[in-house]
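Colleague: Top line first, the protein sequences correspond to chains A and B.
Okay, so the first sequence: first residue is 1 according to UniProt numbering, each after it adds one.
Okay, so the second sequence: first residue is 1 according to UniProt numbering, each after it adds one.
Glycine included, each C-beta is placed from N, C-alpha and C at the ideal position.
Quick one: the structure is below, and I'll ask about it shortly.
Number of protein chains: 2
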Amino acid sequence: MNISVDFTATNVEEGIGYWLRRAQQTVLHDFSETFVPYDLRPAEFSLLMLLANHPGIKQSDAAEILGIQRANFVALVDALQQRGLAERRKPESDRRVQSLFLTRQGTDFVVETSGKWRQHESRMIARLGGIEERDQLVELLTRLAC
Amino acid sequence: MNISVDFTATNVEEGIGYWLRRAQQTVLHDFSETFVPYDLRPAEFSLLMLLANHPGIKQSDAAEILGIQRANFVALVDALQQRGLAERRKPESDRRVQSLFLTRQGTDFVVETSGKWRQHESRMIARLGGIEERDQLVELLTRLAC
DNA sequence: TATTGTTATACTCTATAACTATA
DNA sequence: TATAGTTATAGAGTATAACAATA
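Following this line, the structure appears as structure tokens:
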């Protein structure tokens with residue numbers, strides 16, 4: 001005899017997707033409040049941080065890392081470029097590519113704002129209960145993400 | 001002497017918000033694929049399930065539970081009503097309120113589709129590694145959500 | 001006065017197809 | 001032919017303000 005028990009929730013309010021969304025609402029809200037003075041959206045800040053750590057990264061590689069389609073990525077780079085924070089350069093080796101860099105101003109901006117971001121991150125860690133819980137959460141989320 | 005160590009990540013790609021979003025992309029993608037035959041968005045399905053478990057719930061209460069602003073909730077209820085899956089009733093006790101119910105057809109629809117949703121949920125649980133990991137994840141997400 | 005639902009509006013995010021220039 | 005970037009566009013999701021009906 002084979003008894004199988006179904007542990008899936010019967011209420012959407014207990015489902016994984018529901019809580020993912022509710023948690024993200026909180027995190028996004030805190031991020032937005034933190035960055036009000038800088039008029040910066042999450043994706044913009046993420047890209048600036050990415051360029052700080054990976055100067056010269058290919059535009060399409062950056063888009064893939066951040067999980068944004070390359071078609072939607074163009075306007076994102078445009079915005080940072082128009083604000084003088086990032087720039088595109090076409091390498092001689094492959095003229096199809098756009099290599100992305102922070103400008104001097106962009107580097108200063110990252111220095112100025114990354115502390116704010118870490119404060120934001122700290123508040124989220126505090127909500128979770130500590131570093132171990134953060135690591136646990138990220139580990140589990142990593143399993144979900146492709 | 002007071003040594004304090006900063007455990008916050010220095011890369012956005014290691015941050016909580018980043019992984020929340022990446023995980024949600026996967027979950028949403030799986031949900032969408034699962035529900036293609038029904039032309040149903042996550043919020044619509046969530047509301048149907050909510051009405052199945054809480055018949056007669058006040059429109060604004062349903063909106064709050066699902067984390068959707070009441071202004072944006074109107075079109076959601078409209079859509080389900082126009083498909084004949086849900087209906088609004090004004091209770092005599094308070095004529096400002098809309099009480100929400102599944103129609104007979106809506107009830108059948110939930111019966112038909114909730115199995116699909118549980119399969120979706122099962123796939124996400126499998127990705128996480130099991131029920132315990134799901135419970136862990138939901139516990140952590142609950143702490144983040146307000 | 002306060003609450004509930006509603007309308008209008010604007011902005012962001014996401015997805016798809018098609019074009020261009022280069023390889 | 002294939003790849004990288006781009007444009008255009010449409011659909012969802014979200015946030016805010018203002019209004020009518022009712023309490």
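1) Taking the straight line between their C-alpha atoms, what separation do you get for S93/A and S99/A?
2) Between which two residues does the beta strand (DSSP E) harbouring L102/A extend?
3) Tell me, please, which residues DSSP counts as bridged to L88/B.
4) Candidates P55/B, R41/B, S32/B, R22/B: which alpha carbon is nearest D101/B's?
5) Might you give, ordered along the chain, the residues of its own chain that have their beta carbon closer than 6 Å to the beta carbon of K58/B, omitting 5 neighbours on each side?
6) How many Å lie between K120/A and F31/A at the Cα?
7) Hey, how far is the Cα of V111/A from the Cα of R104/A?
8) Could you give the C-beta distance for E13/B and I65/A, rounded to a whole number, given that I count them as a contact under 8 Å?
9) Give, in chain order, every unbroken run of the beta strand (DSSP E) that is at least 3 residues long and sits entirely within the segment 22-97 of chain A.
10) Since L128/B and R134/A are thought to touch, with beta carbons under 8 Å apart, how far apart are those beta carbons, to the nearest angstrom?
11) Would you kindly check if the distance between the Cβ of A62/B and the Cβ of L50/B is under 8 Å?
12) Under 9 Å between beta-carbons, which chain B residues line up against I65/A? List them in chain order, please.
13) Answer with yes or no whether the minimum CB distance from V138/A to chain B is below 8 Å.
14) May I ask you to report which of helix, strand or coil DSSP gives G115/B?
15) Ignore the nearest five residues each way along the sequence and tell me which others in A9/B's own chain have a CB closer than 7 Å to its CB.
16) Starting from T142/B, trace the alpha helix (DSSP H) in both directions and tell me its first and last residue.
17) Name the chain B residues whose beta carbon is nearer than 7 Å to that of G129/A?
18) Hey, how far is the Cα of R41/A from the Cα of A23/B?
19) May I have the straight-line CA-CA distance separating L80/B from F45/B, to the nearest angstrom?
20) Kindly give me the distance between the Cβ atoms of V27/A and M124/A, rounded to whole angstroms, as I take these residues to be in contact under 8 Å.
21) Kindly say whether I16/A, judged by its beta-carbon, lies nearer than 8 Å to any beta-carbon of chain B.
22) Thinking A52/A and L76/A are a contact (beta carbons under 8 Å), I'd like their distance in whole angstroms, please.
23) Kindly say whether R134/A, judged by its beta-carbon, lies nearer than 8 Å to any beta-carbon of chain B.
24) May I ask you to report which of helix, strand or coil DSSP gives T107/B?
25) With 8 Å as the C-beta to C-beta threshold (strictly closer), list the residues of the segment 41-57 of chain A near chain B in chain order.
26) Excluding the 5 residues flanking P91/B on each side, which residues of the same chain have their C-beta closer than 7 Å to its C-beta?
Modeller: Reading from the atomic positions:
1) Along the first sequence, one-based indexing puts residue 93/A at 93. Along the first sequence, one-based indexing puts residue 99/A at 99. Straight-line Cα distance between these residues: approximately 11 Å.
2) As a first step, residue 102/A is located in the first sequence; it is residue number 102 there, counting from the start. Element bounds for L102/A: 99-102.
3) As a position in the second sequence, residue 88/B is number 88, starting the count at 1. Checking the displayed sequence, the identity of residue 88/B turns out to be Arg instead of Leu. L100/B.
4) Translated into positions along the second sequence, residue 101/B becomes position 101. This sequence places Phe at residue 101/B; Asp is not what is there. It is P55/B.
5) Counted from its first residue, the second sequence places residue 58/B at position 58. For K58/B, where only same-chain residues beyond five positions count, the Cβ hits under 6 Å are V97.
6) Translated into positions along the first sequence, residue 120/A becomes position 120. Translated into positions along the first sequence, residue 31/A becomes position 31. First, the residue type needs correcting, since residue 120/A is His and not Lys in the sequence shown. Taking the straight line from one Cα to the other gives about 6 Å.
7) Within the first sequence, numbered from 1, the residue matching residue 111/A stands at position 111. Within the first sequence, numbered from 1, the residue matching residue 104/A stands at position 104. Cα to Cα, V111/A sits roughly 11 Å from R104/A.
8) Translated into the one-based positions of the second sequence, residue 13/B becomes position 13. Translated into the one-based positions of the first sequence, residue 65/A becomes position 65. Correct: roughly 6 Å between the Cβ atoms.
9) Listed in chain order, the complete beta strand (DSSP E) runs (minimum 3 residues) inside the segment 22-97 of chain A are 86-89.
10) Translated into the one-based positions of the second sequence, residue 128/B becomes position 128. Translated into the one-based positions of the first sequence, residue 134/A becomes position 134. About 17 Å; that fails the 8 Å criterion.
11) Indexing the second sequence from 1 puts residue 50/B at position 50. Indexing the second sequence from 1 puts residue 62/B at position 62. Taking 8 Å as the Cβ cut-off, L50/B and A62/B qualify as a contacting pair.
12) The count along the first sequence starts at 1 and reaches residue 65/A at position 65. Going along chain B in sequence order, the residues near I65/A (Cβ under 9 Å) are E13.
13) Residue mapping note: residue 138/A aligns to position 138 of the first sequence, counting from 1. For V138/A, the answer is yes, since a Cβ of chain B falls inside 8 Å of its Cβ.
14) If you number the second sequence from 1, residue 115/B lands on position 115. It is helical.
15) Taking the first residue of the second sequence as position 1, residue 9/B is located at position 9. So the list reads G15, once near-sequence residues are dropped.
16) Position 142 of the second sequence holds residue 142/B. 131-144 is the span of the alpha helix (DSSP H), which, as asked, contains T142/B.
17) Reading the first sequence from its first residue, position 129 is the one you call residue 129/A. Going along chain B in sequence order, the residues near G129/A (Cβ under 7 Å) are R143.
18) In the first sequence, the residue the question calls residue 41/A occupies position 41. In the second sequence, the residue the question calls residue 23/B occupies position 23. Each residue's alpha carbon lies about 19 Å from the other.
19) Taking the second sequence and counting its residues from 1, one reaches residue 80/B at position 80. Taking the second sequence and counting its residues from 1, one reaches residue 45/B at position 45. Near 10 Å, if we compare the C-alpha coordinates of F45/B and L80/B.
20) As a working mapping, residue 27/A is identified with position 27 in the first sequence. As a working mapping, residue 124/A is identified with position 124 in the first sequence. At roughly 6 Å, the Cβ-Cβ gap stays under 8 Å, so V27/A and M124/A are in contact.
21) For the purposes of this step, residue 16/A is identified with residue 16 of the first sequence, where counting begins at 1. It does; some Cβ of chain B falls within 8 Å.
22) The residue you call residue 52/A lines up with position 52 of the first sequence. The residue you call residue 76/A lines up with position 76 of the first sequence. Between L76/A and A52/A the Cβ distance is about 16 Å, and since that is not below 8 Å, they are no contact.
23) Residue mapping note: residue 134/A aligns to position 134 of the first sequence, counting from 1. Yes, its Cβ sits closer than 8 Å to a Cβ of chain B.
24) Within the second sequence, the letter at position 107 stands for residue 107/B. Note: T107/B maps to helix in three-state DSSP.
25) P42, F45, S46, M49, L50, N53
26) As a working note, residue 91/B is residue 91 in the second sequence. The residues V97, S99, in chain order, have a CB closer than 7 Å to that of P91/B in the same chain once the five nearest residues on each side in sequence are set aside.
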